[in-house]
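Our numbering puts the sequence shown at residues 1376 to 1656.
Heads up, the beta-carbon is just placed ideally off N, CA and C, and yes, glycines get one too.
In this text, all values refer to a predicted model and were calculated from it rather than measured experimentally.
Structure record follows, encoded as structure tokens.
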Amino acid sequence: MSALVCPTIAAVREAVRTAREQGKTIGVVPTMGALHEGHASLMRQARAETGYLVVTVFVNPLQFDRPEDLARYPRDLATDVKLCERMGAEAVFAPSAEEMYPGELLTTVEVTGVSDKLEGEFRPGHFKGVATVVAKLLNIVGADRAYFGEKDAQQLAVIQKMAADLNLPSRIVPVATVRERDGLALSSRNRLLTEEQRRVAPALYRALSAARDRIQGGASPGEAREAALAALAATPDIQVQYLEVADAATMQPVERIEGHVRVAAAVWLGKVRLIDNVLVG
Ligand code: PAF
């Protein structure tokens, strides 16, 4: 089935209006393209739960804190559209930066607290960029359900809080992280790894899982964190940026386990930055 590629806000709104007139529920999967099996799993779930699937493909300049990261972010719309079609998407919203940000942007969305620690400490302005574009995308598409991966756990928590605080009409649906057989979480950035970096990259998930197992075995967050850091320190080529045990909803580091927590980390492998997390509880 071919998908309708909509370069404009008017075109995607028209497509969604027509689907609604046919009584369909609308699902949206917001992406920045460079689609992989992780995105496919978001689409698969959206496809199963809604009647009309819109995938958005937009490399959002507002959320990049490093210009070189924006410049080398992989872009290949034709391949992305093919994957969306294979997954049964009816429409692909692929706007230009001018379409999304036509004039001076004087309104932004900032989710304080949830955005501040972990990624927020190392990527200033990143979550403001994410929250602003996701608010715009959800307003543009007006979907019933919007799907986000748990790999970007803090992004998910930011979006959930924003949707609740602003009464956004789309229900935010979390989708489990998809991993390679050796545990490496799928990411568009994996394709930037050299062969050797790709070989050592699964050490990140192993360290996070070991920390989770320790917490489940009764260790404190501090003990689990120290053990995971020691394991990563022994891995050549990996530089840890942060590794924290944080409350899954507020994303604040915790010293005692109450409710759901995530062990989350960001590491550098050469020039490639990878993030991952595991849920405990
Ligand atoms: O996770 C992503 O790909 C992006 O941060 C998102 C949610 C599409 C916003 O640009």
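- The C-beta of His1635 has fewer than 16 other C-beta atoms within 10 Å across all chains shown, which makes the residue exposed.
- Between Ile1401 and Arg1395, the C-beta spacing is below 8 Å.
- At least one heavy atom of the ligand PAF is found less than 7 Å from the C-beta of Thr1406.
- In this structure the region 1406 to 1423 does not lie against the region 1528 to 1537, because fewer than three pairs of beta carbons, one per stretch, are closer than 8 Å.
- With a cutoff of 7 Å, Asn1435 counts as near the ligand PAF, since its C-beta is closer than that to a heavy atom of the ligand.
- Rounded to the nearest whole angstrom, the CA to CA distance from Gln1438 to Phe1502 is 7 Å.
- DSSP lists Ala1641 as the bridge partner or partners of Tyr1617.
- Per DSSP, the unbroken alpha helix (DSSP H) holding Leu1604 starts and ends at 1596 to 1608.
- When secondary structure is reduced to three states using DSSP, Thr1406 falls in the strand class.
- Restricting attention to beta strand (DSSP E) runs no shorter than 3 residues, the region 1446 to 1515 encloses them at 1466 to 1468, ordered along the chain.
- Inter-residue distance for Ala1621 and Ser1377 is about 42 Å (C-alpha atoms, whole angstroms).
- In this structure, the beta-carbon distance from Val1642 to Leu1561 does not fall below 8 Å.
- Cβ contact annotation for Glu1496 (same chain, cutoff 8 Å, sequence separation greater than five): Tyr1617, in chain order.
- For Thr1393, the enclosing alpha helix (DSSP H) has its first and last residue at 1384 to 1396.
- Proximity to Thr1610 across Glu1443, Arg1573, Leu1513, Gly1656 peaks at Arg1573, based on C-alpha coordinates.
- Taking a contact as a CB-CB distance under 8 Å, the pair Glu1479 and Leu1379 does not count as one, their CB atoms being some 31 Å apart.
- If you look at Asp1527, you'll find it isn't in any alpha helix (DSSP H); DSSP assigns it neither H nor E.
- Rounded to the nearest angstrom, the gap between the Cα atoms of Ala1409 and Val1432 is 9 Å.
- With fewer than 16 neighbouring CB atoms inside 10 Å of its own CB, Glu1412 falls in the exposed class.
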